[in-house]
Structure formats: structure tokens, C-alpha cells
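Going letter by letter, the first sequence gives residues -9 to 800 in our numbering.
The beta-carbon is built from N, C-alpha and C at its ideal position, and this holds for glycine as well.
Take a look at the structure below.
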Amino acid sequence: MSGYDESDAFEAAIPLSQRAMSARPAPYLDDLNPAQRAAVLATDGPVLMLAGAGTGKTKALTSRIVHLLMTGKARPNEILAVTFTNKAAREMKERVGRMLGAAVEGMPWMGTFHSISVRILRRHAELVGLKSNFTILDTDDQLRLLKQLIVAANMDEKRWPARQLAGLIDHWKNRAWTPAKVPSSEAAGFNNRGTELYDRYQERLRSLNACDFGDLLLHCVTIFQTYPDILEQYQRWLRYIMVDEYQDTNVAQYLWLRLLAQGHRNICCVGDDDQSIYGWRGAEVGNILRFEKDFPGAEVIRLEQNYRSTEHILAAASGVIEANSGRLGKTLWTEARGGEKVRLIGHWDGEEEARWIGDEIEALQRGTRQLAPVSLNDQAILVRASHQMRAFEDRFLTIGLPYRVIGGPRFYERLEIRDAMAYFRLAVSPDDDLAFERVVNTPKRGLGDKAQQEIQRMARSSGVSLLEGARELLAKGGIGGKGAGQLRAFVEGIDRWHAAVLNTRPELADAVIEPMLPDTAPNRDHSHVRLAETILEESGYTSMWQNDKTPEAPGRLENLKELVKALEQFDGLQGFLEHVSLIMDNDSQDATEKVSIMTLHAAKGLEFPVVFLPGWEDGLFPSQRSMDESGLKGLEEERRLAYVGITRAETLCTISFAANRRVYGQWQSQLPSRFIDELPDRHVDVLTPPGLYGGGYGAAGMGAGFGGGSRIEERATRADVYNSPGWKRLQDRSTTRPIAQPRESRSSVIDLNAVARFTEGDRVFHQKFGYGTVAGIEGDKLDVDFEKAGVKKVVAGFVTPATEAGDVPF
DNA sequence: AGTGTGATGGTTTTT
DNA sequence: CCATCACACT
């Protein structure tokens, strides 16, 4: 089945006009720095582009593509440019298009690993036991399937949750292990039945003519490895290969790339080992670290000039990342001078931290300081774990500060969207059992577990799909009175919709659906849009939500409307289904400006003038779990996360931590993150809430200053803080109010020099834990045996010496 | 078939 | 503490 006709997708590519090539020598080279230019010009042979944060990586990459096209080294259809996210792919496309001054109509091989794999797989599906119109399972379908298998295997689905199995299988697929290839050392997982279930799962997928995300890559690799002639074709066609975010590739992706690159060996991998933060989902930093071994003679080009951040921000980031071992090594530098140092501030607890940051954001927005007003759109809060967002959301809601959370549930992951999609899937391929299962009783049709089991049984015994099973069941009268009518209506509905789909797109009658080119001309008559509406109407799905009086119902209807609207850009329902998971972005661009709240992971690749990095506390960041599970490797990945966080900031970066945080409902004393100790002194401003008691500092033991790592403690004496330029500047600028307005004042001020004052046996007082005795001293941290709370490790700055009278010193 | 209750466990996430 | 989910109840 090697009958790939070279003339279809490839010919669709429109070669660049000769005019464009001869216009000017190479304007795209003009505004590149030497390293970038080298990366652009090193077209042949393997190249590793080590591009630090903010060094113009995308610019170099896109210029490289433009260069290849303009010099005629490659036609648009001969360049394979792979990214991880659709967003990145889209951006690359747009930028290349802009540079060329024309739409990049024909770069069929620019996309994500997954979308390109789908394209390839559709061609050769039969080689791995699929039909070319296979469906791609989402996580939900996948879990349901696995659960069925677990139950079928007579296992307790509680002790052996589908989620875990899904994770295991995903892990294996990331390593490009088919069931047969899973090493025996790994097979012990999941009650010793992991591989067995994996095998059954694959079997089931095949019978469903379906694939999960991991399969897209894995099947391609299998095909390449098994059919050298097919691999050769691709190797021949794809003369130039470029990979973005190479540090994030997993083994399967690595194999995929290596196989394809073995032809011309013109592979350019762009990445930054310091920004590898996806080890936990299978990314192998090793891929980038051993690039030169994999591709002997590789040219390594370092992009180190940063155009994004101030020198202080860069220095702070560098200071942190230097603590990692085994780096390829790279030092960011900038021509920019000056700017504010990275600010560091400690808070009493998480709420206080959120309050302070909220105030700070508002102050920056108003421009109360000499700084020009900063739009909310230009400010972001980057957290380690999404549950940290809550404190900010709560706070911002109460003060009416508009915010947006990035990276919430995706549009197409929402319940109503997936339900609607299941209906569309049934209309396109009525035998889609997973879709059938999903919506057969949504809206409620009186078809509960019992009825569904009957359908399942019938279908299985006749070896047909659920829809056909249901039909048979109806014919035989094997179903009770009330459900029968409803089921009949459902079945007839599917028939009707399917007929309508065929009518709209007659070519669908063929078993083989040609892969769509991304930019196919939209279907002008919009008949499929009307059909979609009809389906949702007739199925009763729309009215289900109309009759729903829960507060989220209107939003869901809104989303459905959006879904239907999105259809307009497509040629037909099936094209939509194919691409929906690829294009649907929830980038609802709102006109109102908003602060962004997101995880550090979600922030990779983004930049903001003002960045807040809260929650730098050991256990939270670095995450305890990472360290427990992956030891030093985990810690180093956390550190890279810190590096990513800091380097998101352009002009102002504020790191903060809280002394107390509620973790699972329990108040916990927190220690400042070890990463704080790694921030280089010279580039950090230790901020101090001005405090109501600047004067009473010593006596009260709760004056200005705050706890930090030991090094901070040494440098940030009160005098240092108050005399620091940053502090003075802030004071001078504080026309309306000081930098922080401590509302729960006394608790918000923490002493940094406190440790020196304590010795073992001292009686101390802690705001949240009450009275206790110092049991041990470790750097700036004290072990305190609290009367009520037991032994806790606390930062010295957060406790005060208890007076003889035992009174609270305020 | 739909609602209520107790047990459970609880980073990071794209495709 | 709080969300989620399986199970049991009506």
C-alpha cells in the first residue's frame, strides 16, 4: 500500500513566485544578530539551535524558513516544521506569511507532531489495522473504554482506576512501546496486568477504528520502521526539517524525527534545555543533551542575546538556573541597562499575599509611581499549581479587579461541546459506538443502564455497531414500552442526519476521506451549519439546556452557539470534526483589559512587562511531590520552572512567599523556597511592607523586614532595605500610599534578623500557632515546640520572643 | 431514573 | 478543606 500519489497534497502547494525571490537580496537577514543569522544560514546538515528565553528564537526559525524558500533551496511543501501546540504552529505560519508578504498557502508540513502524524496516518492507516477515516479519541472516551476493560478483566475499578491505567499506557506510548515492546521490568504495574490490558485496549481501538493521541505518533513510527519504502518517500520529500521546543520531545517524537531526518539530514532542532519542564509527561531532556551524538557533525548555535528582560531579571534567572547540573550551558545577556531589580517580599499568609498583589496591580495600573501606567493586560500572575489561583480569584472578585485564567478547561473539553460533537460524529459515522454511548441518553430518553446493556448485548452478539444493535432490538421488540419510542426516534434521527450529511457531502459515501488541507475553501452555502443546528434541535439537546435552570445553562447554550458559528469556517461536518481539537482555541479575546492568572507551565513562551511569582515556598515550589517522586531530577525541573517564570518578565518581576498557608484545610507553616536563596543578592530588592511600626521594630521583634533564605537575611538588614535605591524610589513615588497598605497590619510585617535573637529554650509566640519553645535552630529556621500545634519548623522572622508576662507584643 | 451521602484524595497538561 | 465520584436510597 505504498500508493501515495506524490501529486496531491504536494501539488496543492503553491510555489513561490520567482518575482518574490529576486526582489531584494535578503531583507530578512538585515535585522538578525550574528547568532541568529548563523542559524538561518546554516541550512544544510544537522543544527542545534540553543535558544535561551527571549532571544528571538521564533524570529530565527521563521527567517530560516523564509530563507529556504527565497533561495529556492526548498519548496514550501518540502519543509517539515514541527511544533507542539497549534498555537505555536499558527504563529509560525502567520509570521512566515507576513515575512513573505503573501499567504503561505502551501506549507502542508507545518504543524504539530500530532496534526502532521494524522495526515500521514490517514494515508497509511490500513498498515496498522485502521481505516483512513479513523476517529481520534479524546481523554473521556479513552477513560470510558479503559474502564470497561478493567471491569471486563474482573478487576476492582476502585483499586485500579482507569486514570492510572491511562497514565501508564500513555507513558508507554510516549516511549514508543507497543504492547509487545513493553519491557518486562515495567510490566509489573497495574496489578501485573498492565501490558495485558494495554494489548486489549489496542485491540479494542482497532475494532472501533479509533486512535488515541499517543497512537498518532506511535503508529507513524511503526509504519516508518516496518515499511522502509514509505519512510523513504517521506525522507525524500521532506528536505528540510525544523523542530521547535526540542527539549520537550519524548522518545516517540524523537524516533519519529530521527527516522524522517535520516534522509537529507537537514534537521534543525531549536530548544532550550533550561526550559524543559515537561519531563513528567514523557519529555526527555536527554534528547536535546545528546543531539550532537545523534547527529555527528552537528553545528551548535547559541542564541544568548536577550531582547526581553532587564539585566536584573536576567541575572536573577541565571543565578537560579546555574544551580542545575548537566546543562548545555548558555548565558543570557542584554544590552539593556538599568531597570528595577527583582523584587522579593514575604507575607503572613496566602490571603495577605493575594491582597498585596491585588493592590500592587492596581497601583501599577494607575501608574501612581513614576512608572507609566501598566495595562492589566500586561500583568500576569504565574503560579506553580492551579489551586493557588483561587486565593487570587477570590481577592480579585471582591475588589472587582478583572482577571482571566489561562489554561482552564478547553473549549472542546466542555461537556456540552463534547456532547454536541458526539451527535455530529454520529451523523458523520453512525457506527461510532463511543459517540452513541455518550449521547444515547443525553438528553434523558429513559434509556438507563438496563436498556443500554440490552443494546450492548444485542450489538455484540450480532457483531454490529450499537446503532445497528439498537435497530435490531427494536425490530425484535426486545425493549420496553416507554424507552422503545424514544430509542426509535433516536435511531431514526441518526439515519436522517447521516443521510443529510451524505447529501451535503456526497464524496463522504466513499470509505476513504481525503485528508483536508488546512485552508480548504469554506463551504459557501453553509448547509452543514444548518444541519448542525437541526441535529441539536431535533435531538432535543438544545432544549435540554434551555429547560435547565442551573446557573451554567445559559453559558452552555452560548458555547453551543459558538460551536455552530465555528462550523462556518469549515467545509463540512467531518472536516470540522477532524480539526476541531486542533483549532478550537478558547482565546475569546475580550475587549476589557484583564490580569492574567496562569500556571508556570502555561506561561512558557509568553511574556509580560509585569510578572508576579507568588508561592515560592518549599513544598509548594519546588513541589514536594516532584521532589519525592523524581528526586534531584525533579528538583532540577522545578528549578527550570523557576527560570521560566522569571524570564517571562520584561521589566518588573516580583517574587513572593507566605509564612503560612492553608493546605488541605490545615494551616501550615511554610519555609521560603530554596530557590529564593539562589537569587543573586545584587539583583534583588527586598521589599518590606512599610509597616506601622518602623520604629518599634527591634522591640516588638516584628518590624520591617521579613524572613527569607539565610543569604537574604544576611544582607537585608533594615538599614539595607531602607537605604536601597529601590526602596527609596518607591517611597519617593508613593504619592498616594506606600507600597503596601497593610490592612491586617501587624501580621503582615515579618522580621528578617530575628534568628540571631533566639536560642534554644526561648519562649516564643507565633501568630497562628500560639506559644511555644525553641527546640532547635537551623540557619534562619527554628524548630519550635508549640503548646497547641506541636513541633513546627518556622522562619525566625515569623515568631516573636514571648515576654515574661506572656503578652502579645502589640 | 434521578437525587443524596460518605469516602477519598488532592501538581504541572498538549494533542 | 473541598471537589469528585461511586454507590445507595427513594
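Taking all protein chains shown into account, do 16 or more other C-beta atoms lie within 10 angstroms of the C-beta of residue i, making it buried, or fewer, making it exposed?
i    : result
T185 : buried
W270 : exposed
H377 : exposed
D202 : buried
P612 : buried
P286 : exposed
R450 : exposed
N144 : exposed
K148 : exposed
I831 : Here the chain covers residues -9 to 800 and nothing more, so residue 831 does not appear.
K283 : exposed
I387 : The sequence shown places Leu at residue 387, not Ile. Exposed, because fewer than 16 other Cβ atoms sit within 10 Å of the Cβ of L387.
A178 : exposed
G624 : buried
K77  : exposed
N67  : buried
K83  : buried
Could you check how far apart the C-beta atoms of residue i and residue j are, in whole angstroms? I think they sit under 8 Å.
i    : j    : result
A156 : Q138 : With a Cβ gap of about 13 Å, A156 and Q138 do not count as contacting.
R404 : G348 : R404 to G348, Cβ: 29 Å. No contact.
E640 : R317 : Contact flag wrong, Cβ pair sits at about 24 Å.
L563 : V481 : Their Cβ separation, rounded to whole angstroms, is 19 Å, which puts L563 and V481 out of contact at 8 Å.
V585 : A370 : 7 Å
I231 : L111 : About 18 Å separates the two Cβ atoms, so there is no contact after all.
I140 : W150 : 6 Å
Flag this pair as yes or no: are the beta carbons of residue i and residue j separated by less than 8 Å?
i    : j    : result
T806 : T168 : Given a span of -9 to 800 for the chain in the structure shown, any question on residue 806 remains unanswerable.
T589 : R374 : yes
Q295 : T321 : no
K331 : D667 : no
G35  : N277 : no
R638 : A593 : yes
R615 : F665 : no
A425 : F382 : no
D205 : K163 : yes
A553 : A410 : Strictly speaking, residue 553 in this sequence is Leu, with Ala absent from that position. Cβ distance < 8 Å, so L553 and A410 count as in contact.
Y244 : E289 : no
A441 : I469 : yes
Rounded to whole angstroms, what is the Cα-Cα separation between residue i and residue j?
i    : j    : result
S237 : R65  : One detail in the question is off: residue 237 reads as Gln in this sequence, not Ser. Rounded to whole angstroms, Q237 to R65 spans 27 Å at the Cα level.
V260 : E235 : 6 Å
L507 : Q559 : No answer about L507 holds up, because its pLDDT of 36 lies below 50 and its placement is not dependable.
Q223 : K539 : 57 Å
F598 : I636 : 10 Å
L372 : I587 : 6 Å
D741 : A307 : Low per-residue confidence applies at D741: pLDDT is 43, beneath 50, and the placement is therefore not dependable enough to give any value.
D264 : L22  : 23 Å
Y712 : V30  : In this predicted model, Y712 has a pLDDT of only 35, less than 50, meaning its place in the structure is not dependable; the value taken from the coordinates is given anyway. So the two alpha carbons sit approximately 49 Å from each other.
P433 : L550 : 15 Å
E542 : S452 : 41 Å
L631 : S266 : 8 Å
D561 : W227 : 28 Å
Y761 : V774 : 9 Å
A786 : E342 : 19 Å
Q443 : P420 : 19 Å
R356 : P392 : 14 Å
Whose CA, out of the options, lies closest to the CA of residue i?
i    : options                : result
G44  : G87, D262, K83, N164   : D262
S663 : R672, H673, L603       : L603
R826 : E343, T763, L136, W99  : Limits of the chain in this structure are -9 at one end and 800 at the other, which puts residue 826 out of reach.
G272 : A353, N240, K83        : N240
N431 : Q26, D775, A479, I140  : A479
Q225 : I311, G438, L250       : L250
S53  : L610, R85, P433        : R85
H851 : S419, L631, F414, R113 : Outside the displayed span of the chain (-9 to 800) sits residue 851, for which this structure offers no information.
E301 : N314, A326, G309, L293 : A326
M89  : H209, A50, R486        : A50
W246 : G319, A166, K783       : A166
Y654 : R672, L610, E619, L661 : L610
S659 : E458, P791, R428, H337 : H337
L596 : T48, A28, R153         : T48
At a cut-off of 7 Å, would you count residue i as near the ligand ATP, judging by its Cβ distance to the nearest heavy atom?
i    : result
E342 : By its list of ligands, the structure shown contains no ligand whatsoever, and the ligand ATP lies outside what it can speak to.
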